[in-house]
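Just so you know, we're using my numbering here: the sequence shown kicks off at 22 and counts up by one.
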Amino acid sequence: MRTVRSSRRASPGPLIAAAANADALRQVLGVEDLDAGLLQHALTHRSYAYENGGVPNNERLEFLGDSVLGVVVTDTLFTEHPELPEGQLAKLRAAVVSAKALAEVARTLGIGDHVRLGRGEEATGGRDKASILSDTVEALLGAIYVQFGIERAAEVIHRVFDPVIAVAADLGAGLDWKTSLQEITANNDLGVPHYVLEGTGPDHDKSFTAEVHVGEQIYGGGTGRSKKEAEQMVAEIAWRGINAGVEVAVTDQV
């Protein structure tokens, strides 16, 4: 991979009180030697900064991390998919670096547990809010770049995002599960998917479950805080089930 080196190093900062949690997060990211103050900076949401005398928040690191992530993902897609035109590469990149994809990465790594939030955001479920999670992932990547440079940041990005890139490539032109499910059902004469949704809970805290009917088959298990999220989840379940069946059938014919 083409890389750009950086000689910059972080200034020492205040230690994080929950050292064990910070160490666990560093280990998950593969940067055990990341400066404690820089890590704390990357985890500080603006709501916390506002409620605590205007301490530095993570927005500048987020801005930097967004660019670092974009460069590494673009380089990876360009190298691994020489057959794809510019437009398709751009769509793949958009899927990989989307707020939804970043939020899922954050949930997988447990980043939400470490974010420093103001009381208001804490009370309204900010630790699982996609926008906050995705911004924090970018801020962490920015912090890693500031201390270690592009090569180390690229190592972390590959460790965390290569599975996301693989999934995006599998999804094909649609780049989302509902579109991809519609494509695979059409290609295999399975009819149009039909979604059934159910919402529970009060208006301010609703959750949704979804199932999708494909021909005579019903796939369930979709859940989410929004209808779209629940539908996307169950569409993924159905797509993977159908795709596995198609692959088996093709293998049998061969």
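Every residue, glycine too, gets a C-beta built ideally from N, C-alpha and C.
Query: Residue 140, buried or exposed, once every other Cβ within 10 Å from all chains shown has been counted against 16; Result: exposed
Query: Residues sharing a beta bridge with residue 173, DSSP; Result: The partner list for residue 173 (beta bridge, DSSP) is empty, contrary to what the question assumes.
Query: Coarse secondary structure for residue 80, derived from DSSP in three states; Result: helix
Query: Where residue 257 falls, given that 16 or more other Cβ within 10 Å makes a residue buried; Result: buried
Query: One or two residues paired with residue 239 in a DSSP bridge; Result: 234
Query: Proximity to residue 226 [Cα-Cα], best of 237, 245, 211 and 238; Result: 245
Query: Rounded distance between the beta-carbons of residue 43 and residue 60, thought under 8 Å; Result: 6 Å
Query: Unbroken alpha helix (DSSP H) run spanning residue 129, endpoints; Result: 120–130
Query: Top-ranked residue by Cα proximity to residue 261, from 178, 215, 105 and 188; Result: 188
Query: Exposed unless 16 or more other CB atoms sit within 10 angstroms - verdict on residue 266; Result: exposed
Query: Distance between residue 125 and residue 149 (C-alpha atoms, nearest Å); Result: 10 Å
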